[in-house]
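Undergrad: Sequential numbering from 245 applies to the sequence shown in the numbering used here. Pasting a structure below so you can have a look.
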Amino acid sequence: MHVKRKRLLALTTAVVLSAAMLASGCSSSNGNGNGNSQGQSAATESAGAAGSGAGEGTAASEAPKADTSEFVKLKYYYTGPTSPGDDAVFAELNKRIKEKINANVEFIKVASGDYTQKMSIMVNALEEFDLVFTSPYYLNYYDNASKGAFVDITDLLPVYAPETYALFKPEIWDAARVNGKIYASINQQIFARQSGFSVQKALADKYGFDPTTVKKLSDIAPFLQSVKDGEPAETTDQLWNAQVKNQVFSYFYPAYEWESIGEIDLPGVVRSMEDNPKVFNEYETEEFKDFVLTNADFQKRGFIAKDTLTRPTFDPAKYVGTAMATLSPGVDATIAQTYKAEHYVIPMGSPMLTSANAIATLTAVSATSKHPERALMFIELLNTDKEIYNMLVWGLEGVDYVKTGDNRIEAVEGSSFKSQAGWKFGNQFNSYVTGTQTDDVWEQTDELNKSAKMSKLFGFSFNPEQVKSEIANTMAIVAEYRQAFNAGMYGDDTEAKLQEYNQKLKSAGVDKIIAEKQRQLDEFIAQKG
Numbered sequence: 245m246h247v248k249r250k251r252l253l254a255l256t257t258a259v260v261l262s263a264a265m266l267a268s269g270c271s272s273s274n275g276n277g278n279g280n281s282q283g284q285s286a287a288t289e290s291a292g293a294a295g296s297g298a299g300e301g302t303a304a305s306e307a308p309k310a311d312t313s314e315f316v317k318l319k320y321y322y323t324g325p326t327s328p329g330d331d332a333v334f335a336e337l338n339k340r341i342k343e344k345i346n347a348n349v350e351f352i353k354v355a356s357g358d359y360t361q362k363m364s365i366m367v368n369a370l371e372e373f374d375l376v377f378t379s380p381y382y383l384n385y386y387d388n389a390s391k392g393a394f395v396d397i398t399d400l401l402p403v404y405a406p407e408t409y410a411l412f413k414p415e416i417w418d419a420a421r422v423n424g425k426i427y428a429s430i431n432q433q434i435f436a437r438q439s440g441f442s443v444q445k446a447l448a449d450k451y452g453f454d455p456t457t458v459k460k461l462s463d464i465a466p467f468l469q470s471v472k473d474g475e476p477a478e479t480t481d482q483l484w485n486a487q488v489k490n491q492v493f494s495y496f497y498p499a500y501e502w503e504s505i506g507e508i509d510l511p512g513v514v515r516s517m518e519d520n521p522k523v524f525n526e527y528e529t530e531e532f533k534d535f536v537l538t539n540a541d542f543q544k545r546g547f548i549a550k551d552t553l554t555r556p557t558f559d560p561a562k563y564v565g566t567a568m569a570t571l572s573p574g575v576d577a578t579i580a581q582t583y584k585a586e587h588y589v590i591p592m593g594s595p596m597l598t599s600a601n602a603i604a605t606l607t608a609v610s611a612t613s614k615h616p617e618r619a620l621m622f623i624e625l626l627n628t629d630k631e632i633y634n635m636l637v638w639g640l641e642g643v644d645y646v647k648t649g650d651n652r653i654e655a656v657e658g659s660s661f662k663s664q665a666g667w668k669f670g671n672q673f674n675s676y677v678t679g680t681q682t683d684d685v686w687e688q689t690d691e692l693n694k695s696a697k698m699s700k701l702f703g704f705s706f707n708p709e710q711v712k713s714e715i716a717n718t719m720a721i722v723a724e725y726r727q728a729f730n731a732g733m734y735g736d737d738t739e740a741k742l743q744e745y746n747q748k749l750k751s752a753g754v755d756k757i758i759a760e761k762q763r764q765l766d767e768f769i770a771q772k773g
């Protein structure tokens, strides 16, 4: 590992002179490397969508490129299900990638539920690979960047991926900084976060349910009860999608104007719009208590599947409601496709932009990579080459989809390739549109990113180094209880289990974690002035 890191340091030194002119004078980074975004708008200023890139990116396009005379093979891990059509798509992709950067990529998908565990094992074992999907949710970005799992690309990015670097203003890149350094490329997608719910339109209309009456999770109970009472029993065994493996409570943070610090469900959040925010344990709040009690009520009344923790598969068409982490332009089309029916979308709160939102999906270069510069050139292709991006997401034209307009496609029935969520890769604004998505969905998304309310703490990132043991112990407790809380499995014992949960968190060191978060946050605020 030390040899590899020395080689990476040498590579960084080699490019720093050519990058110096690009990096100097244009970062809004303060003393600890976190951006000073005070007074800034929430604009991401996408060069493609808005017509103007970051000033630092323009000069970067003139920087020297890597020597690509030697053919290399890259390994790229990301979340997603495999499908029979993968090999044909990847073969065609590699023809184009070889033409562009004289490389081939081994695309390796890992099931979402297994992703963090599998990739963490690989990272800890120092297995050699090149690119990896990461975020505050999957393969925790902050933790892995802090411990050296990813390459520091601060100086490499403007040289080997200049157009990618030019996509965002400096304060957006500051969101990806850990200890002042950038360790992953931000994927262009919906940054603004507005949470909410969805309920099936036909059944809401049938039972006279007004979605505008919903202000919190428990307000959906009357609708679910009407469906439970009025529809055939065989169709009502899984009415509410509890998303038991996900950090569902965090979906509601934008509505509360809260934001996480570090790992998404690590205890210790703040109120985004306070001038001098105090870190608090979200699991001790009335909001979390209401969340777990409502889930227990949903389970008791049969809205959540009894075997939700063990059943291997579910019929998405049976779900008539769910909580949603992000409401974005075109989300109604996505929901209709996922749940096989139109849904009412119910927004909660206003769109917010936090550092965690901006880096919700990232592509990092592994510290074990032998070809970090070529890996960055591939990241550049994902952000700039529309043909490569859409082939990775949608498959092969004429085989997996057909074009029905300049930028609109329809899936081919019987296709053996399973399309991918476009936010995992590069620049989603390059994606074709489908279904009921409007032709200008990406322009709308870009505008939403710009108009969202920006957290006063934007650019702050938490360094977990001083409380690593406490975090490991605490997250083990969170993992132990999360799924059962989401599924409402504790029933009448939920309040007692909540008290037990918070007592275990204290024993695991949660107060020390919160104190360390507060200390770093206070320093950040003081440096901003």
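Note that CB positions come from ideal geometry on N, CA and C, so glycine has one too.
(1) Three-state secondary structure (DSSP) at residue 485?
(2) Pick out whichever of 707, 499, 660 has its Cα sitting closest to the Cα of residue 699.
(3) Taking C-beta to C-beta, are residue 329 and residue 705 nearer than 9 Å?
(4) Straight-line CA distance for residue 466 to residue 556?
(5) If you draw a straight line from the alpha carbon of residue 653 to that of residue 640, how long is it in whole angstroms?
(6) So what does DSSP say about residue 346, is it helix, strand or coil?
(7) From the DSSP secondary-structure annotation, give me the bridge partner or partners of residue 441.
(8) Pick helix, strand or coil for residue 524, following the three-state DSSP scheme.
(9) Go through its chain and collect everything with a Cβ distance to residue 752's Cβ below 8 Å, but skip five positions before and after it.
(10) Which term fits residue 657, buried or exposed, when burial requires 16 or more other beta carbons within 10 angstroms of its beta carbon?
(11) Decide if residue 504 is buried, meaning its Cβ has at least 16 other Cβ atoms within 10 Å, or exposed.
(12) Just to check my reading of the structure: residue 693 and residue 436 have Cβ atoms closer than 8 Å, yes? What is that Cβ distance to the nearest angstrom?
(13) With DSSP run on the structure shown, which of helix, strand or coil describes residue 645?
(14) Taking the alpha-carbon positions, what's the residue 688 to residue 741 distance?
(15) So if DSSP puts residue 322 in a beta bridge, which residue, or which two residues, is it bridged to?
(16) Here's the rule I'm using: 16 or more other beta-carbon atoms within 10 Å means buried, otherwise exposed. How should residue 368 be labelled?
(17) Can you round the beta-carbon distance between residue 429 and residue 401 to whole angstroms, since I take them to be within the 8 Å contact cut?
(18) Using three-state DSSP, classify residue 687 as helix, strand or coil.
(19) Within the same chain, show all residues whose beta-carbon is closer than 7 Å to that of residue 516, passing over the 5 residues directly before and after it, in chain order.
(20) Inspect the CB distances between the segment 580 to 596 and the segment 440 to 453 and report whether three or more fall short of 8 Å.
(21) Alpha carbon to alpha carbon, what distance is there between residue 340 and residue 540?
(22) Can you check whether the CB of residue 422 is closer than 9 Å to the CB of residue 761?
(23) Can you give the Cα-Cα distance for residue 754 and residue 612, rounded to whole angstroms?
(24) Under three-state DSSP, which class holds residue 610?
(25) At which residue ranges does the segment 695 to 743 contain complete alpha helix (DSSP H) runs of 4 or more residues, listed in the order of the chain?
(26) Please classify residue 620 as buried or exposed, where buried requires at least 16 other C-beta atoms within 10 Å of its C-beta.
(27) Using the DSSP secondary-structure output, state which residues sit across from residue 429 in a beta bridge.
(28) Identify whether residue 596 lies in helix, strand or coil by the three-state DSSP scheme.
(29) Leaving out the 5 sequence neighbours to the left and right, which residues in its chain are closer than 6 Å to residue 617 when beta-carbon positions are compared?
(30) Does residue 373 come out as helix, strand or coil in the three-state DSSP assignment?
(31) Three or more C-beta pairs closer than 8 Å, one from the segment 762 to 772 and one from the segment 519 to 534: is that the case here?
(32) Who are the near neighbours of residue 638 in its chain, counting only those whose CB is closer than 7 Å to its CB and skipping five residues on each side?
(33) Look at the alpha carbon of residue 271 and the alpha carbon of residue 415, and state the distance between them as a whole number of angstroms.
(34) Could you pull the start and end residues of the beta strand (DSSP E) that residue 770 belongs to?
(35) With a threshold of 16 other CB atoms inside 10 Å of the CB of residue 224, please say whether the residue is buried or exposed.
(36) Going by Cα to Cα distance, which pick from 695, 631, 377 is closest to residue 353?
TA: Taking the definition as stated:
(1) Shown here, residue 485 sits in a strand according to DSSP, grouped into three states.
(2) Checking every option, the nearest Cα to that of residue 699 belongs to 499.
(3) no
(4) Spanning the two alpha carbons is a distance of roughly 28 Å.
(5) 11 Å
(6) coil
(7) 567, 590
(8) strand
(9) 714, 717, 718, 720, 721
(10) exposed
(11) Residue 504 should be labelled buried.
(12) 5 Å
(13) strand
(14) Going by the C-alpha atoms only, they are around 44 Å apart.
(15) 353
(16) exposed
(17) 7 Å
(18) helix
(19) 501, 502, 503, 596, 598, 699, 700, 701
(20) yes
(21) Straight-line spacing of the CA atoms in residue 540 and residue 340 works out to 52 Å.
(22) Pairing residue 761 with residue 422 gives a Cβ-Cβ distance that is not under 9 Å.
(23) 33 Å
(24) Residue 610: strand per DSSP, three-state reduction.
(25) 712 to 731
(26) Per the 10 Å Cβ criterion, buried.
(27) In the DSSP output, where bridge partners are listed per residue, residue 429 has 607.
(28) Residue 596 carries a strand assignment under DSSP once its states are collapsed to helix, strand and coil.
(29) 310, 404
(30) It is coil, neither helix nor strand.
(31) Segments in contact, yes.
(32) The beta carbon of residue 638 sits closer than 7 Å to those of 644, 645, 653, 663, 676, all from its chain and outside the five residues before and after it, given in chain order.
(33) The pLDDT assigned to residue 271 is 32, lower than 50, so where the model puts this residue is not dependable, and the model offers no usable value.
(34) No beta strand (DSSP E) holds residue 770; the alpha helix (DSSP H) holding it covers 754 to 772.
(35) The structure shown has nothing for residue 224, since the chain only spans 245 to 773.
(36) 377
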